[in-house]
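Before any comments, here is the structure.
Protein chains in written order, with UniProt numbering: chain A, 1 to 866; chain B, 1 to 866.
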């Protein structure tokens, strides 16, 4: 099998074999762009290299030399001889990766070829500069010598009186020998094979391995090596080098955007020694080149059907393109470019939909810090990105002191349901413990608030009301700025950019809605949530949690009384009060939703969560119930679970206390009847049971609830449609889904809990040790952020198949955190769920991801993020 | 299809159709025993009855009447006419069940047939007594009238001066009309159909439904009805009735054992109004009958190949058998009878093995309270049977006060690892909280100690050192007696019977060992455990938990130091100390086991469990580490998990702190090397990793451990065989078993944790609410006692198949609590595991159950417990 290719032997479809750089260069050559000639040593050669014990085989060596001969013929230049062929050598994996060996320029120079170069270019300054740069880059890239050593050496030499270029070169080579113990390789072919060897080796350096681990890149892809004829941007004033985008990557505006330097090689721009000029200036300096570049840029964009990021070099007035790739862009630009390209006729809507990374969309709704402001700000520390958005506010360490006017950022060891009100009043939340699916993060996402979780670097001193982080002491009332995109925490106020939910985004989302198959519902517990999610396009409510309703100050005492009283009369009275409150809550939500599905999950958390924690609240409770404080404490302790996640919660509450769910079912149906009578005739209330483990359990509870509903309908002399379904959040329920399906109208996977039980892993506790799991490559995805397809997903797939086998019309969806995660949505599309449900601020993400998932699944259209 | 059968048309194999009684009567008829003739209305008729809306169809009625005609011809008697045919009517389900309608005797009597009876028997007393009994039984069984009403009525009538039999009958019928509003049915056929109807209806009464639920009996079996010619034990002094066993059900001795009454009907024995005579006395009173009975009893035993429990009636010197069934017997007798019957040539060893209920065997090892002593004792309350055996001792409420000489029964709210030493010194353990697989119960079973858990009726007052239970106050130091078989707690000392591990049991177990396929290993953490289990026949250790080793007083401080210190040097020193301790522990255990497998599970519990809980211990810890008490408390809190079961434990400890498992692996291999050098050349140490969730995690840990082992082997210049395996205790591990199998030598299902995660159910917390699950028939088995085959079992089966698909030679076993449960062992045999492992005192149970499971699976031999 062939392992070495000329540029004109390849094309873009061969990226797996030729690497990203190689494939693109071949493609550009194919469409007739001015590309300096070159050859590509394939990724297969790299794989062989490792198979052969990290050696370049004789066979490969010979193949490279044959191609090198061809290159000499094509260019009319000689590698190591007169009219010298110099080359750049670069790595080029199929997927772009930092940490790999980068670029060596001017390879092929030695004392002899330097003289030949002077003969050709008549400019010894240029040649020796190039020669020294080669020595420096070779030393750095191949031998790992810090380039600063060569900068210092050059400075030192320049200060000498009798400085000559030759002396500098000699000193450089001596430095090389001093450090490596070997002579600097004079022979160009030796230089070349050392460089190729180093690039192959760099595929497995630590940084590259970690990067692949984090970005889920297959360790067996291997890298290609691109060997390309040098062109010289540093030759004279009619030469130069630059980088440009075909559109503005920040605003998305359709004009060339970039910068360049005359009399410079590519490294000069990256190194930042000289300040580059904006591309517009080239129009004045080299107008012909600018016109040609504009033409080629457009051609490349048309050809690749995407905004391009192009590297170019001008050698003595002639333009060469060195590299092109799809350009990175801001979320705002991504949407605008996608929409513009459809309107320009360049893309179909389907293609355009694939061009936007759905997960970045919340940034458009929340705004973000300005990049330049971040660069100047003091970074205190970094936690996990708990909920998207940014926030600026004053640190408060107690939920009770949170104040909406004072711009609070609530900083807590961790949050509990008692903090809900404080969270609702805060600009943002920071927790020391807990992961991206901890209580604080979930509540924050639900409320669309920015949240940073698990910032273990913070030490809070509650007594002094201050915290210590990153060497700073931050007192309560001091300003900080936090980013829920990155988890970063800054001192003081960092300047903001504005939110950007504009007409382009609206248009884009509409296309996605038209194309997607999965329904997108929202998780909403309040009328405000429901209103927000609806405005983003949610198709009803997929999860309305009833427990959050009780955490409002006045309601909590009623449920506490219901739980803690031993007097049947008191319990009954409390239940009746809860019934009235819940009915009111449901009416308010139903009224906002107006029509379609509202799935209400009956009470789920352990009752213990509702109970007073502070002494004064316990005392108050004792007074309300007329028993001793000791007795209250005893009752509270009795209700405590060792493992609350696996304890007395969910539908288990309704097995021991059927009156609880009966009350809730009554409130839901009564509220629905009133709303339907008031004109919401298309409202469809659906009742969902949490934590089911088997069919008999479900039947028992359903029988009770349906009895109650029948009574409500009789009392009101009306018949309305309603559904009863179950959450699927225990492995056992999934394993027995065929039996469970018989008695329900729908399944809703609770993938948070299902992940916890399937992996035997508490999401709150996991943050304490999961870092090591990611660092050691044991887990590649955060299983509470992106569904663990191979484990948890296997159960989802199994349960879906079993459920539909029993009842083909069964509606099946998911309402865990994964409902708003694009990669997870891909999976849910692949197993043909009917809907996903996510927090209001993730609705747009889910709509776009659902459209993309469908296109991938049905049309084979895919897209690799740059 | 035929629905009504004469006795001579059936046999024992038709029990599903004819019910247990009917099938047996037909069988006895078939082999020529003196059985009063009769007919059987089949279970199919019962099913039809329910299908037809609880009605006896005309077709069935006609079929019954045809058979009734035949019966009249066979007996030469007339139903409702001269020479009257009287019948008994009984229910007879395929499985014996209390709660069903029982027996009606003398059906067919009315004023006219009573006169005809007097004509036949010339004894009006006898006839009217029978008549009144019929009215009473019919009223009770068919109409649900309390029989006491008829006893009272009779007493009242007898006191009257002008008492006549006729008046009594009339008064009885009037009472019937007064209560039911209907006349007592005079027509015998009406009586018969009312009785049949009542029996069919009783199949679905509440008590029967609950019983079926608890005993996992199919609700659709239905009951048969047996209608049989009456014979009269109450006719004269040469008549009588009795019950006898073919062997002594308590000692197993091979002689007839039973009792009888002359001039009595069966009811008289049951009612307990007259005291029956021992069967030996019949030899004097009716020698011919006794000889015939002895002959028939032996014949029945030979025919049924089991000890029989026979009901008989003598009418005027003629012996009739009314019923026979396999007799209930004590565990001791069960073993003796099984062994004797093999030696008598009556049973094969295989058949004998099936005759013993394996789960009762621990009683033979522990002894039990004498029945007569229990009847006299004060029952204080009842918890759950946590660990088999009985114990008598003084109540102590603190593990620190437990004293082996003082005969302590430790009574705790719940036990924690800190109580281990106290438990080891106690006679028995009682906990207020926790189920049969709670910490206390597991530890107790491991130590072979009696334990009662979850006795919620106990209120402990730690300050007064007393507890309140069942209306009594029991002070520390008072004696109580507890039964780990029943969960019962008695006041004072209850007299004991002796343990009975005799030659019969040894012989029986040997047969089982020869036949079983599953290996039976023991769970043993100490040399004492290992010695005990080995004496019962355990084939090595299937689970040696390393954590328990650290709870001995002097060792706990070392591990605490290792956990809590932040000084690398201190941590290292503590680890080294632990290493030496562990090595010593392993050497001691290996030395006892001598040869074969010892599976050591590396550290499993959350580190938090080892930390000090009491203030003085925290203070001591602070002093040891030279930091503030506040700092110690902070470190302890930081290590606490919200859900310890799903938290930082198991192999997760080795991902964050690889040195821990490395140290343990070193200690195991070093200990093994020393033992092997000392002559235990066949010792095979196996290292087991807990809580694995995936292949990469396993590889990461295995790589570390194997590196350490390699170093140990090099240091010792030796090569020994060892294995590395994994526990399978998370659903994810089961789902990915094919990948995991690649890197291990064995799987060991940890079905305790696997049950918890699969069901999302904490075993300790579940006791608070599972009662309602059993009462409402939602769960039929306690999933921590008997494996949940349909849920958890599905994962076990899947993982076994996946694992073997990757590696056919993979050894697969189970080391959860289910390893000692016969029903679970049946399941493990059916999925072809290689071994089970259980606590030493369950080893015998497991050996017998494994033999039975194999016989069931391979030879189709089965046995229904009586």
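We treat Cβ as the ideally placed atom computed from N, Cα and C, and that holds for glycine.
| Check | Outcome |
| --- | --- |
| Below 8 Å on C-beta distance, what does residue 613 of chain B contact in chain A? | Near residue 613 of chain B there are no residues of chain A at all, since even the closest Cβ is about 14 Å away, more than 8 Å. |
| Using beta carbons (cut-off 8 Å, strictly below), is residue 643 of chain B in contact with chain C? | This model lacks chain C altogether, as its protein chains are A and B. |
| Whole-angstrom Cβ separation of residue 327 of chain B and residue 302 of chain B, contact assumed at under 8 Å? | Not confirmed; about 15 Å, so no contact. |
| Quick check on residue 491 of chain B: does DSSP put it in helix, strand or coil? | strand |
| Expressed to the nearest angstrom, what Euclidean distance is found between the alpha-carbon atoms of residue 188 of chain A and residue 261 of chain A? | 29 Å |
| Check the Cβ-Cβ distances between residue 732 of chain B and every residue of chain A, and say whether any is below 8 Å. | yes |
| Suppose you measure from the CA of residue 801 of chain B to the CA of residue 747 of chain B; what does that come to, to the nearest Å? | 12 Å |
| Mapping the DSSP letters down to three states, classify residue 402 of chain B as helix, strand or coil. | coil |
| Taking C-beta pairs closer than 7 Å, name the residues in chain B that residue 697 of chain A reaches, listed in chain order. | 778 |
| What does residue 648 of chain B reach in chain A if we use C-beta pairs closer than 7 Å? | 765, 768 and 769 |
| Residue 467 of chain B by DSSP, collapsed to three states: which one? | strand |
| Spell out a yes or no on whether the stretch 756 to 765 of chain B and the stretch 641 to 651 of chain A are touching, meaning 3 or more CB-CB pairs, one atom from each, closer than 8 Å. | yes |
| Check each candidate in A:778, A:55 and A:313 and name the one with the smallest Cα separation from residue 198 of chain A. | A:55 |
| With 16 as the cutoff for other CB atoms within 10 Å, does residue 252 of chain B come out buried or exposed? | buried |
| Determine contact between the stretch 616 to 626 of chain B and the stretch 701 to 719 of chain B, defined as no fewer than three beta-carbon pairs at a distance below 8 Å. | no |
| Determine the contact status of residue 110 of chain B and residue 86 of chain B, defining contact as a CB-CB distance below 8 Å. | no |
| Are the stretch 491 to 511 of chain B and the stretch 375 to 382 of chain B touching, with three or more C-beta to C-beta distances below 8 Å? | yes |
| Indicate the three-state DSSP secondary structure (helix, strand or coil) for residue 656 of chain B in the structure shown. | helix |
| Between which two residues does the alpha helix (DSSP H) carrying residue 473 of chain B extend? | That residue, residue 473 of chain B, is in no alpha helix (DSSP H); its beta strand (DSSP E) goes 472 to 475. |
| On the DSSP bridge assignment, give the partners of residue 728 of chain B in chain order. | B:749 |
| Kindly indicate if chain B contains any beta-carbon less than 8 Å away from that of residue 736 of chain A. | yes |
| In the DSSP assignment, what residue or residues form a beta bridge with residue 627 of chain A? | Answer is none; residue 627 of chain A lacks a bridge partner. |
| Listing by chain order, which chain A residues have their CB less than 8 Å from the CB of residue 465 of chain B? | Within chain A, no residue comes near residue 465 of chain B; the closest Cβ sits about 18 Å away, beyond 8 Å. |
| My output table needs one value for residue 461 of chain B: the three-state DSSP class, helix, strand or coil. | strand |
| Output the boundary residues of the beta strand (DSSP E) element that contains residue 601 of chain A. | 596 to 601 |
| Under 8 Å between the Cβ atoms of residue 89 of chain A and residue 192 of chain A? | yes |
| If you follow the beta strand (DSSP E) that residue 310 of chain B is part of, which residue opens it and which one closes it? | 308 to 315 |
| If we count the other Cβ atoms within 10 Å of its Cβ and call it buried at 16 or more, is residue 329 of chain B buried or exposed? | buried |
| Would you mind working out which of A:459, A:484, A:23 and A:486 sits nearest residue 474 of chain A, comparing C-alpha positions? | A:459 |
| With 9 Å as the C-beta to C-beta threshold (strictly closer), list the residues of the stretch 669 to 697 of chain B near chain A in chain order. | 691, 693, 694, 696 and 697 |
| Compare the Cα-Cα distances from residue 394 of chain A to each of A:179, A:428, A:414 and A:487 and report the closest residue. | A:428 |
| Restricting to runs no shorter than 4 residues, where is the alpha helix (DSSP H) found entirely within the stretch 777 to 825 of chain A? | 792 to 806 |
| What residues in the stretch 819 to 842 of chain B bring their beta carbon closer than 7 Å to a beta carbon of chain A? | none |
| Indicate whether the contact test is met: 3 or more Cβ pairs, each with one atom in the stretch 451 to 469 of chain A and one in the stretch 355 to 374 of chain A, closer than 8 Å. | no |
| So residue 5 of chain B is in the beta strand (DSSP E); what residue range does that whole segment cover? | 4 to 6 |
| To which residues of the same chain is residue 513 of chain A closer than 7 Å at the C-beta, ignoring the five residues directly before and after it? | 537 and 847 |
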